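Position in the sequence shown counted from 1, then plus 348, gives you the numbering used here. Step one of this worksheet: look at the structure below.
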Amino acid sequence: MIPFNKPYITGKEVHYIYDAVATGKISGNGKYTKLCQGYFQNRWGFKKTLLTTSCTDALEMCALLLDIKPGDEVIMPSYTFVSTAVAFIRQGAKIVFCDSRIDHPGIDEDAIEGLITKKTKAIVPVHYAGVACDMDKIMDIACRHGLFVVEDAAQAIDSYYTGISGLKRPLGSIGHLAAFSFHETKNIQCGEGGLLAINDDRFINRAEIIWEKGTNRAEFFRGEVNKYGWVDIGSSFLPSEITAAFLWAQLEELEGIQKRRIEIWNYYYSALQSWANEANFQLPYLPGFSTNNGHMFFLGCPSIESRTSLIKQLKENNISSVFHYLSLHKSPYYHDKHDNRDLPQCERYSDCLVRLPFFFEMIEKDIHNICSLIVHHKEK
Ligand SMILES: *Cc1c(COP(=O)(O)O)cnc(C)c1O
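If you want it as structure tokens, here you go:
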């Protein structure tokens, strides 16, 4: 069976975990947390980063930092993972769902402005498959309407956006805040883990406090205050050193992991390109402003029936392919809270998108076999 995903282990993870255990500092914010946070700040220029136990947690921290209150509206794509919405819903926000682009499952940037009301507080673009949303457009809208932008960069590590300035900027460094995931299905992983990136100075102090259960413990450890106490709301958002040590082993191998994933992506693309054009299947689209970080490879099938039939035929040949997401605006939890606008592109991706096996250790022969089965499959 070729699995859909197989988390890559570099081999150094247990070594660093052993080291963390041996030094006796296992709770959060120790040596490995600092190594990881320093790496993110140096490599991608985020002003401040905080490791979290998941991307969901990082998004929850964003909702707290933005003081989201009942009645506030938050605009995001409906075609995304539940966490994007759940983090804001928990603060009582009304989620205003936006459609996807025709050429790509990411948010339709041109549909955002029409959704803004007096109550809108934030826009949450999701860089689906690590492909950048048009951040110049989104930041311009946010700026003109006085809104915050939180990048859901769960899938977007080491991907870049080049806007009108001509500067190539890392995803997650453009919005006021951004959240990354290190879940085992992502490029760099530690089982469960995440990162909050803070690009707006105003949030730095409070983020540290919210991260440490509402206390000013981080300041205390730096010797900036002589005792620490309860100063704000918060939770225990920081991971243990065991998680951070695992993640550090992955970060050391980032270049190699990224290089290989992009090779796999390119292999899929070239093997499927001419067939897809003829058979009317949609291939991933990379806008000129975005780089590719090799996060996933997907196909847009012409219909739900053709997708069901393709997944079934791949399965008969021991290949596991999956679909996602189910439109959030139609979900059991949210459908009756929504104004029932149609989001046709989102629904098309929900019905027709299929993700192909994608993991670091895939070998050429397997990718070749998968592509050959796809190219020769018959719609039943
Ligand atoms: C994976 C993912 C998340 C959630 O990440 P966790 O680390 O599992 O909490 C959120 N948003 C998107 C777009 C994702 O792909």
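Even glycine gets a Cβ: it sits at the ideal position worked out from N, Cα and C. As the structure is a prediction and not an experimental result, all values here were calculated from the model.
Looking at C-beta atoms only, is the number of pairs between the segment 441 to 461 and the segment 719 to 727 that lie closer than 8 Å three or more?
Verdict: no, contact absent.
**Prompt:** If you follow the beta strand (DSSP E) that Gly542 is part of, which residue opens it and which one closes it?
**Reply:** Per DSSP, Gly542 belongs to the beta strand (DSSP E) from 542 to 546.
**Message:** Taking 7 Å as the cut-off, is the beta-carbon of Gly542 closer than that to any non-hydrogen atom of ligand 1?
**Reply:** Indeed, a heavy atom of ligand 1 lies less than 7 Å from the Cβ.
Secondary structure of Ala501, DSSP reduced to three states | In the structure shown, Ala501 sits in coil (DSSP, three-state: anything other than H, G, I, E or B).
query: Which two residues bound the contiguous alpha helix (DSSP H) that contains Phe436?
result: That run of the alpha helix (DSSP H) goes 430 to 437.
Using the Cα positions of Ile546 and Ala527, report the straight-line distance between them to the nearest angstrom. If I take the Cα positions, the gap works out to 9 Å.
inquiry  = Here's a check: name, in chain order, each residue in its chain whose Cβ is nearer than 8 Å to the Cβ of Ser521, leaving out the five neighbours to either side.
reply    = Cβ neighbours of Ser521 beyond the five flanking positions: Trp392, Gly393, Phe394, Ala545, Asn547.
request  = Please determine if the segment 414 to 432 and the segment 440 to 450 are in contact, where contact requires at least 3 C-beta pairs separated by less than 8 Å.
outcome  = Per the Cβ contact rule, the segment 414 to 432 is in contact with the segment 440 to 450 (3 or more Cβ pairs under 8 Å).
Review point. Beta-carbon separation of Leu300 and Cys410 under 8 Å?
Key: Within the shown structure, residues of the chain are numbered from 349 to 728, placing residue 300 beyond reach of any answer.
Tyr508 - partner residues in DSSP beta bridges:
Beta-bridge pairing links Tyr508 to Pro518.
task = State yes or no: is the C-beta of Gln503 nearer than 7 Å to some heavy atom of ligand 1?
result = When distances are taken from the beta-carbon of Gln503 to the heavy atoms of ligand 1, the shortest one is below 7 Å.
Supposed close pair Cys700, Ile652 - CB separation, criterion 8 Å:
Yes, they are in contact, since the Cβ atoms of Cys700 and Ile652 sit about 6 Å apart, within 8 Å.
- [ ] Consult DSSP for Phe445 and reduce its assignment to one of helix, strand or coil.
- [x] Note: Phe445 maps to strand in three-state DSSP.
_Alpha carbon of Cys384 to alpha carbon of Gly541, nearest angstrom_ = Cα atoms of Cys384 and Gly541: separation of roughly 12 Å, rounded to the nearest angstrom.
(Q) Between the alpha carbons of Tyr615 and Pro518, how many angstroms are there, rounded? (A) The alpha-carbon atoms of Tyr615 and Pro518 are separated by roughly 25 Å.
Review point. Pairing CB atoms from the segment 474 to 488 with CB atoms from the segment 415 to 430, are three or more of them under 8 Å?
Key: Counting Cβ pairs under 8 Å, three or more are found: they touch.
Helix, strand or coil: how does DSSP classify Ser668 here?
Here Ser668 sits in coil by DSSP.
* Asked: Under the rule that 16 or more other beta-carbon atoms within 10 Å means buried, what is Asp687, buried or exposed?
  -> With fewer than 16 other Cβ atoms within 10 Å, it is exposed.
inquiry  = Using the three-state DSSP reduction, which class does Ser638 fall into: helix, strand or coil?
reply    = Ser638: strand per DSSP, three-state reduction.
* Helix, strand or coil for Met349 per DSSP? -> Here Met349 sits in coil by DSSP.
request  = Run the CB neighbour count on Arg492, radius 10 Å, all protein chains shown included, and call it buried at 16 or more, exposed below.
outcome  = Under this definition Arg492 is an exposed residue.
Practice problem: Would you mind giving the Cβ-Cβ distance between Arg655 and Phe671, rounded to the nearest angstrom? I have them listed as a contact below 8 Å. | Solution: For Arg655 against Phe671, the beta-carbon gap comes to about 7 Å, under 8 Å, which counts as contact.
Item to complete: Put Ile486 into one of helix, strand or coil per three-state DSSP.
Response: Ile486: helix per DSSP, three-state reduction.
Check: In this structure, what does DSSP give as the bridge partners for Glu457?
Finding: For Glu457, no pairing in a beta bridge is given by DSSP.
>> Check this for me: beta carbons of Asp500 and Val472, under 8 Å apart or not?
In response: In this structure, Val472 lies closer than 8 Å to Asp500 by Cβ.
query = How many Å lie between Thr639 and Gly378 at the Cα?
reply = Rounded to whole angstroms, the gap between the alpha carbons of Thr639 and Gly378 is 33 Å.
Q | First and last residue of the uninterrupted beta strand (DSSP E) at Val702 | A | It spans 701 to 703 - the beta strand (DSSP E) in which Val702 sits, taken as one unbroken run.
*asked:* Here's the rule I'm using: 16 or more other beta-carbon atoms within 10 Å means buried, otherwise exposed. How should Gln621 be labelled?
replied: Exposed, by the Cβ-count rule.
### Task
Using 7 Å as the cut-off, classify the Cβ of Ser402 as near or not near the heavy atoms of ligand 1, replying yes or no.
Yes, ligand 1 has a heavy atom inside 7 Å of this Cβ.
Between the alpha carbons of Ala480 and Lys516, how many angstroms are there, rounded? Ala480 and Lys516: Cα-Cα distance of roughly 11 Å.
Go ahead and pull the three-state DSSP assignment for Val362. Assigned with DSSP and collapsed to three states, Val362 falls in helix.
DSSP three-state label for Val369, please. In this structure, Val369 counts as helix in the three-state DSSP scheme.
Three or more beta-carbon pairs under 8 Å between the segment 600 to 607 and the segment 414 to 422, yes or no?
As far as the Cβ criterion goes, the segment 600 to 607 does not touch the segment 414 to 422, which means the pair count is below three.
Element boundaries [alpha helix (DSSP H), containing Leu383] = 379 to 392 is the extent of the alpha helix (DSSP H) around Leu383.
task: May I ask you to report which of helix, strand or coil DSSP gives Val723?
output: DSSP places Val723 in helix when its eight states are reduced to three.
Indicate the three-state DSSP secondary structure (helix, strand or coil) for Lys396 in the structure shown. Secondary structure of Lys396 (DSSP, three-state): strand.
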